[in-house]
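Undergrad: Just passing along the structure, written as C-alpha cells.
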C-alpha cells in the first residue's frame, strides 16, 4: 500500500498493488494550494480510522491472486472473497479439481489403501488426516471402483437366482401334481374318459374351433383353458387338445375330469399315447434329450468356464435364458408335429401355457392366411429391445458360414405363443424335414449356430410360410418387462408372460399377476390344500 501526494498539494491518493498493477483505493482532494496544520491533522485522523478497512481489502485482493492451490485449507481461503460478496470463484475451483481428477484417472491406486466404509467416514478421515485434493481424488476413485465391482457382482448373482427360480418347480405346483396323481389312482371319477364317448366325434369335427396346448404345468393349463372359455362368445364351439408328458398325464387328466369346463370339450393325451411319436419319427429330438453334451449344457453349471469380466449383465441374462432346460423338452418341440398328431384337422390355434386369453378368439378362424401356414405376430416393428425389435440377427450366429449363406440378418422374426396353423397348407410343405435338418446341423456344430431353444429352427423351417397378423391379437413380454403399459395389456386379446417372471412364480411382476390369477379357482380343495394362494 502506498500514499501519494500530488505536486500541487491539492490531492492525496491511497493505492494498493495487485497482479494488474496498482489499484487506487481512495483519493482525497484539497481545496487550498497550501495545506494548514489543522487540515493535515484532520486528514491523519481520517486515515487512522480508514487504514484497518484498507488493510482488509488489500488482503482480500492479494488472496485473489493465488492461482495454484492443492490443500483444502487453501481452497477454503480462496472461497473467502465469494462469501464476502467480492467474486464468484467456483468455476475456477471446478476446473482445478477436474484437472486433479484427470491426473489420477489413469494412475495406479497405491497398494494398501484403506477405504472408508461410507461417505461420512470419508468426510471424517478428510478432517482428521488433512487430505489434500490429490489424496481425496484417489480415495474417491478407489471407493467408486469398489462400489461398481460390488454392484456388478450383485447383478450377476441376482440373474443366477432368477434363472434358478424360473427353471425350478414351485413346491405348491409340485404338490398339486402329486395330489391329483394320487387322486387318479384312488378316485374313479378322476379317471373317467375325457371327453365322454358321445363327444368323441367332435375331436375331429372341423366345424369346431380347435385349440392345442402342450404343457406339463397343470395350474397353467387350467388358466389357459378357463380364460379362453370365459372370454369366448361361443364356448360350446371350443375343443381343447391338451398334450402332456407321461409323468404329468394322470394329474392333468384328474384336474379336467374333476373340474369340467362345459360346454367346451377337453381332451387330455400323454405323449406316450400318440402312436406316431416313435423314435423312427423323431430321431433328432431323442438325440437332443439324450446327448450328454446337450444335457450338460442345459442342466450343468452355468458359470463354470464363463468369464464374467468380459460380458455385460444383459448379455449374461440372455445366455441364461438360452440355457433353460425347457428347450430340450419334447413338449416344447411337439408343435412342429401338429399335422401328424391331428391328421383329421384343417386349422388349429396353438397356445403356450404362459398366456391368458382376454377376448373372443373366434375371428382368428376367419383370417385369410393367403396360402401361408403360420399366422403369427411379427416381433421386429416395436421399440423395446427385449421383445418387439427382433430380427434374425438376434437369434443366429452369422459368423457361422451356413447361417451367413442361407439367412438374412435383417429378416423380421415372429413369435410363438399364439399361432394360427393351416394344417392343410402345412401338409403340402417340407417344414418338418427342414426343422430336423437344421437341428442336426446345429448339433454337429456343437450348438454354435444358435442357442435359444425351438424358435430359431422354426424361424428357418417356416421361412416363406408366415402370414403376419395384427399385433393386438398377441401382446408379448409380460415376463420380461416390469414397465409394461397396463392399458395396452387390458386391450390385448392374448397376453403372453414369455420370459422368466412367470405369474405363478414369486419372481413374477406383482402388478401384472392379477391378469393371470383372476382365472385361478382358489376355492378348489386341491388349490387350497397346496397353499397356491399363499405362494402367489
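Numbering (this note's numbering), first residue to last: 46 to 581. Glycine is no exception: its CB is placed at the ideal position from the N, C-alpha and C atoms.
1. Are the CB atoms of residue 182 and residue 146 nearer to each other than 8 Å?
2. Does the distance from the C-beta atom of residue 466 to that of residue 393 stay below 8 Å?
3. Should the segment 254-274 be called in touch with the segment 282-295, which here means at least 3 C-beta pairs below 8 Å?
4. When you compare only the Cα positions, how much space is there between residue 276 and residue 251?
5. Apply the 10 Å Cβ neighbour rule to residue 204 and answer buried if 16 or more other Cβ atoms are within range, or exposed otherwise.
6. Between residue 561 and residue 279, what straight-line distance do the alpha-carbon atoms span, to the nearest angstrom?
7. Helix or strand or just coil, what does DSSP make of residue 177?
8. Mind checking who residue 463 pairs with in its DSSP beta bridge?
9. Determine, using beta carbons only, whether residue 383 and residue 514 come nearer to each other than 8 Å.
10. Hey, out of 460, 242, 228, whose CA is closest to residue 236's CA?
11. When you compare each of 429, 494, 410, 417 to residue 444 by their alpha carbons, which one comes out closest?
12. Identify every run of the beta strand (DSSP E) within the segment 454-538, keeping only runs that are complete inside it and at least 3 residues long; order them along the chain.
13. Distance check for residue 475 and residue 240, CA to CA, integer angstroms please.
14. Do you know offhand how far residue 576's Cα is from residue 234's?
15. Residue 322 and residue 316 look like a contact to me (Cβ under 8 Å); what is the Cβ gap, rounded to whole Å?
16. For the candidate residues 533, 481, 399, 545, whose alpha-carbon lies nearest to that of residue 525?
17. Looking only at its chain, what residues have a beta carbon closer than 8 Å to the beta carbon of residue 215, apart from the 5 residues adjacent to it on each side?
18. Based on DSSP bridge pairs, tell me the residues matched to residue 419.
19. Using DSSP with H/G/I as helix, E/B as strand and the rest coil, what is residue 259?
20. Quick check: the Cα distance between residue 200 and residue 482, rounded to an integer number of angstroms?
21. If we count the other Cβ atoms within 10 Å of its Cβ and call it buried at 16 or more, is residue 542 buried or exposed?
22. Is the beta carbon of residue 407 sitting closer than 8 Å to the one on residue 249?
23. Since I believe residue 418 is in contact with residue 463 (beta carbons under 8 Å), could you give me their beta-carbon distance rounded to a whole number of angstroms?
24. DSSP three-state call for residue 327: helix, strand or coil?
25. In three-state DSSP terms, what is residue 296?
26. Taking Cβ to Cβ, would you say residue 468 is nearer than 8 Å to residue 258?
27. So residue 381 and residue 480 are in contact, right, with Cβ under 8 Å, and what is the actual spacing, rounded?
28. Among 158, 91, 459, 505, which one has its Cα closest to the Cα of residue 421?
29. Do residue 517 and residue 536 have their beta-carbon atoms positioned less than 8 Å apart in this structure?
30. Where does residue 398 land, buried or exposed, given buried means 16+ other C-beta within 10 angstroms?
31. Assuming residue 283 is part of the alpha helix (DSSP H), what are its boundary residues?
32. If we count the other Cβ atoms within 10 Å of its Cβ and call it buried at 16 or more, is residue 461 buried or exposed?
33. From residue 574 to residue 503, what does the alpha carbon distance come to, in whole angstroms?
34. Alpha carbon to alpha carbon, how far is residue 302 from residue 238? Give it in angstroms, no decimals.
35. Go ahead and pull the three-state DSSP assignment for residue 555.
36. From what residue to what residue does the beta strand (DSSP E) around residue 314 run?
TA: In short:
1. Counting from one through the chain shown, the residue named residue 182 turns up at place 137. Counting from one through the chain shown, the residue named residue 146 turns up at place 101. Result yes, Cβ atoms of residue 182 and residue 146 sit closer than 8 Å.
2. As a working mapping, residue 466 is identified with position 421 in the chain shown. As a working mapping, residue 393 is identified with position 348 in the chain shown. Against a cut-off of 8 Å, the Cβ pair of residue 393 and residue 466 comes out as a contact.
3. At 8 Å Cβ cutoff, the stretches touch.
4. On the chain shown, residue 276 is found 231 positions in, with the first residue counted as 1. On the chain shown, residue 251 is found 206 positions in, with the first residue counted as 1. Distance between the alpha carbons of residue 276 and residue 251: 21 Å.
5. Here residue 204 corresponds to residue number 159 of the chain shown, with the count starting at 1. It counts as buried.
6. Reading the chain shown from its first residue, position 516 is the one you call residue 561. Reading the chain shown from its first residue, position 234 is the one you call residue 279. The alpha-carbon atoms of residue 561 and residue 279 are separated by roughly 22 Å.
7. As a first step, residue 177 must be located in the chain shown, where it is residue number 132. Here residue 177 sits in strand by DSSP.
8. The count along the chain shown starts at 1 and reaches residue 463 at position 418. Paired residue(s): 396.
9. Translated into the one-based positions of the chain shown, residue 383 becomes position 338. Translated into the one-based positions of the chain shown, residue 514 becomes position 469. Annotated as distal: residue 383 and residue 514, with beta-carbon spacing of 8 Å or more.
10. The residue you call residue 236 lines up with position 191 of the chain shown. Minimum Cα distance to residue 236 is reached at 228.
11. Taking the first residue of the chain shown as position 1, residue 444 is located at position 399. Per the Cα distances, 494.
12. You should have 463-467, 511-513.
13. Position 195 of the chain shown holds residue 240. Position 430 of the chain shown holds residue 475. Distance between the alpha carbons of residue 240 and residue 475: 33 Å.
14. Counted from its first residue, the chain shown places residue 576 at position 531. Counted from its first residue, the chain shown places residue 234 at position 189. About 24 Å.
15. Taking the first residue of the chain shown as position 1, residue 322 is located at position 277. Taking the first residue of the chain shown as position 1, residue 316 is located at position 271. Right, the Cβ-Cβ distance comes to about 6 Å (below 8 Å), so this counts as a contact.
16. The residue labelled residue 525 in the question sits at position 480 within the chain shown. Checking every option, the nearest Cα to that of residue 525 belongs to 545.
17. Sequence index remark: in the chain shown, residue 215 carries index 170 (1-based). Here the set comprises 549, 550, 551, 580.
18. Locating residue 419 in the chain shown gives position 374, where the first residue counts as 1. Answer is 466, 511, bridged to residue 419.
19. One-based indexing of the chain shown puts residue 259 at position 214. Residue 259: strand per DSSP, three-state reduction.
20. By one-based count along the chain shown, residue 200 stands at place 155. By one-based count along the chain shown, residue 482 stands at place 437. Looking at the two C-alpha atoms, the distance is approximately 38 Å.
21. Numbered from 1 along the chain shown, position 497 holds the residue referred to as residue 542. Buried is the call here.
22. Position 362 of the chain shown holds residue 407. Position 204 of the chain shown holds residue 249. No, these two residues do not count as a Cβ contact at 8 Å.
23. Residue mapping note: residue 463 aligns to position 418 of the chain shown, counting from 1. Residue mapping note: residue 418 aligns to position 373 of the chain shown, counting from 1. Not quite, the Cβ-Cβ distance comes to about 15 Å (not below 8 Å), so this is no contact.
24. For the purposes of this step, residue 327 is taken as the residue at position 282 of the chain shown. Residue 327: coil per DSSP, three-state reduction.
25. Within the chain shown, the letter at position 251 stands for residue 296. In this structure, residue 296 counts as helix in the three-state DSSP scheme.
26. On the chain shown, residue 468 is found 423 positions in, with the first residue counted as 1. On the chain shown, residue 258 is found 213 positions in, with the first residue counted as 1. Taking 8 Å as the Cβ cut-off, residue 468 and residue 258 do not qualify as a contacting pair.
27. What you label residue 381 is simply residue 336 of the chain shown in a count that begins at 1. What you label residue 480 is simply residue 435 of the chain shown in a count that begins at 1. That belief holds up - the Cβ atoms of residue 381 and residue 480 are roughly 5 Å apart, short of 8 Å.
28. Translated into the one-based positions of the chain shown, residue 421 becomes position 376. Residue 421 has its Cα closest to that of 459, out of 158, 91, 459, 505.
29. Within the chain shown, the letter at position 491 stands for residue 536. Within the chain shown, the letter at position 472 stands for residue 517. Against a cut-off of 8 Å, the Cβ pair of residue 517 and residue 536 comes out as a contact.
30. The sequence position of residue 398 within the chain shown is 353, counting from 1. By the 10 Å Cβ count, residue 398 comes out buried.
31. For the purposes of this step, residue 283 is taken as the residue at position 238 of the chain shown. Looking at the DSSP string, residue 283 is not in any alpha helix (DSSP H); the run it does join, the beta strand (DSSP E), is 283-289.
32. Numbered from its first residue, the chain shown carries residue 461 at position 416. By the 10 Å Cβ count, residue 461 comes out buried.
33. For the purposes of this step, residue 574 is taken as the residue at position 529 of the chain shown. For the purposes of this step, residue 503 is taken as the residue at position 458 of the chain shown. As the crow flies, the alpha-carbon of residue 574 is around 40 Å from that of residue 503.
34. Counting from one through the chain shown, the residue named residue 238 turns up at place 193. Counting from one through the chain shown, the residue named residue 302 turns up at place 257. Each residue's alpha carbon lies about 8 Å from the other.
35. As a first step, residue 555 must be located in the chain shown, where it is residue number 510. Here residue 555 sits in coil by DSSP.
36. Taking the first residue of the chain shown as position 1, residue 314 is located at position 269. Looking at the DSSP string, the run of the beta strand (DSSP E) that includes residue 314 is 310-315.
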